[in-house]
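Residue numbers (my numbering): 51 to 444. By construction, the Cβ of each residue, glycine as well, lies at the ideal position given by its N, Cα and C atoms. Small disclaimer: the values here were computed from a predicted structure and weren't measured. To start, the structure itself, in structure tokens.
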Ligand code: NAD
Ligand code: MG
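Encoded structure:
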């Protein structure tokens, strides 16, 4: 393919774990993809280093005020540097951009993901929080904008790969590793440290999702994500713990067939699938050696150990803005835990109390969702002594 035929890709959250895995896959296929835009919140040096390699048209520092000296440094790579969160929406909706990798962490990724959907892009969705907060709005925006939403979350990507006849689906089984505390003594959870919570047994990920995996709120968010992505009732979605993280999820059909997707735990597999779809492209992941594999085991999650999972199902059932409240309370509680201001077991407590305290209503539009998000953040912050602000901005 000549230069003009390459597909233009924006990676929002380029300095993160998903961002760097995406750049790794893209580097294997330079003839197919051109990096159009990259974003980071405040990590200017890391972003500049990426721009020196990829030479995108735009770079965005969403959490920084304009800085002429920085802009001059980026200009040396042929890159125009934009500042502030609105620039994320600008590059996501740019007419020259074909694919948007939505890899910002948390609620901060919602507006740009929505902008990409409205603009009819192929949206590679890693930012699950966007669907949790505003599932019906985002799905409608994608439909009306003519966008294609492709799941990057490994479980949803697996389900997507296993789906043939959605009307004949009996069960969607999301697998979960159970995180680092699956087998820990229950009483010891009160005292676990952020470093212990972030030491995931199978995946290397950003800090927020690592803590979410340890509490299993990650799986709760993924249940909500699956509900909207595949338009299935919550009862159809089941969670099982699978400590080896080899089977990434399964779909059961009315005829009794259970279809699974397997691979080594490496996010480059779902990223390459979503990038190349419907073609298959190399991801760089190590092939799975079936004969060297140990047991594949499955178990039911323990509700006492993982109360966050039940909280997520409850918020989904309550509907409207309740999942946005759940998500915001979780973001505050996780950040408080990472800052050493909340014990690990306090995370579920803060979320449950916030859900009880904050009234919820219809999630009619983005304003209603953001208002619920704001109110939930204030209510959650009031439950963490000494915390005044909480936002993930590495
Ligand atoms: P990360 O913390 O490694 O990276 C986050 C990226 O978002 C960084 O580039 C950072 O600069 C940017 N960012 C942070 N706060 C921001 C803000 N307020 N505004 C704009 N940009 C901001 O996170 P990650 O692990 O790569 O996860 C990214 C998303 O992908 C999350 O929604 C996560 O749930 C999802 N996801 C991650 C994995 C994984 O393996 N890491 C797997 C499945 C889904
Ligand atoms: Mg996942």
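Counting only runs of 4 or more residues that sit fully inside the region 283–355, the alpha helix (DSSP H) segments are 318–326, in chain order.
Put simply, of 307, 393, 231 and 255 the residue whose alpha carbon is nearest the alpha carbon of residue 221 is 307. Taking all protein chains shown into account, residue 341 has fewer than 16 neighbouring C-beta atoms within 10 Å of its C-beta and is therefore exposed. Ranked by how close their Cα comes to the Cα of residue 183, the residues 200, 160, 438 and 250 have 160 in first place. For residue 150, the enclosing beta strand (DSSP E) stretches over residues 149–152. For residue 61, the closest C-alpha among the options 67, 87, 76 and 83 is that of 87. It is roughly 45 Å from the alpha-carbon of residue 280 to the alpha-carbon of residue 118.
Of all alpha-carbon atoms in 216, 302 and 56, the one lying nearest the alpha-carbon of residue 146 is that of 56. The residues 370, 371, 418 and 422, in chain order, have a CB closer than 8 Å to that of residue 411 in the same chain once the five nearest residues on each side in sequence are set aside. Runs of beta strand (DSSP E) with 3 or more residues, each lying fully within the region 53–105, are found at 57–62 and 83–90, listed in chain order.
Between the region 396–409 and the region 335–350, the count of Cβ pairs shorter than 8 Å is below three; the stretches do not touch. DSSP assignment within the region 169–245 yields the following whole beta strand (DSSP E) runs of 3 residues or more, N-terminal first: 172–175, 198–201 and 219–226. Contact annotation, residue 67 with residue 256: C-beta distance approximately 5 Å; criterion of less than 8 Å satisfied. The beta carbon of residue 246 sits no closer than 7 Å to any heavy atom of the ligand MG. Look at residue 145 here: in three-state DSSP terms it is coil, with no helix or strand label. Of all C-beta pairs linking the region 155–173 to the region 374–389, three or more are shorter than 8 Å, placing the two stretches in contact. Counting only residues whose CB is nearer than 6 Å to a non-hydrogen atom of the ligand MG, the list in chain order is 203, 204, 205 and 272. Here residue 166 has 142, 150 and 173 as same chain residues with Cβ atoms under 6 Å from its own Cβ, once five neighbours each way along the sequence are excluded. Here residue 265 is buried, its C-beta having at least 16 other C-beta atoms within 10 Å. About 6 Å separates the beta carbon of residue 169 from that of residue 195, a gap short enough to meet the 8 Å contact definition. Residue pairing by DSSP puts residue 130 in a beta bridge opposite 108. Between the region 298–312 and the region 236–244, the count of Cβ pairs shorter than 8 Å is below three; the stretches do not touch. Around the Cβ of residue 186, a 10 Å sphere holds fewer than 16 other Cβ atoms; the residue is exposed.
At least one heavy atom of the ligand NAD falls within 7 Å of the beta-carbon of residue 177. The region 329–346 makes no contact with the region 359–370, as fewer than three CB pairs between them are under 8 Å. Here DSSP, grouped into helix, strand and coil, assigns residue 388 to helix. Just so you know, the alpha carbons of residue 248 and residue 388 end up roughly 9 Å apart. Residue side-chain check: residue 91 places its Cβ nearer than 7 Å to a non-hydrogen atom of the ligand NAD. Linking residue 84 to residue 181 through their CA atoms gives a straight-line distance of about 27 Å.
Taking residue 390 as the centre and dropping the five residues before and after it, the same chain places the C-beta of 244 closer than 8 Å to its C-beta, in chain order. A straight line joining the alpha-carbon of residue 101 with that of residue 129 spans about 7 Å. Counting the other CB atoms within 10 Å of its CB gives residue 205 a total of 16 or more, which places it among the buried residues. Counting along the chain, residue 124 sits inside the alpha helix (DSSP H) bounded by residues 118–125. The alpha-carbon separation between residue 72 and residue 331 amounts to approximately 13 Å.
Contact annotation: residue 426 and residue 375 have beta-carbon atoms nearer than 8 Å. Following the DSSP letters along the chain, one finds residue 278 inside the alpha helix (DSSP H) bounded by residues 267–279.
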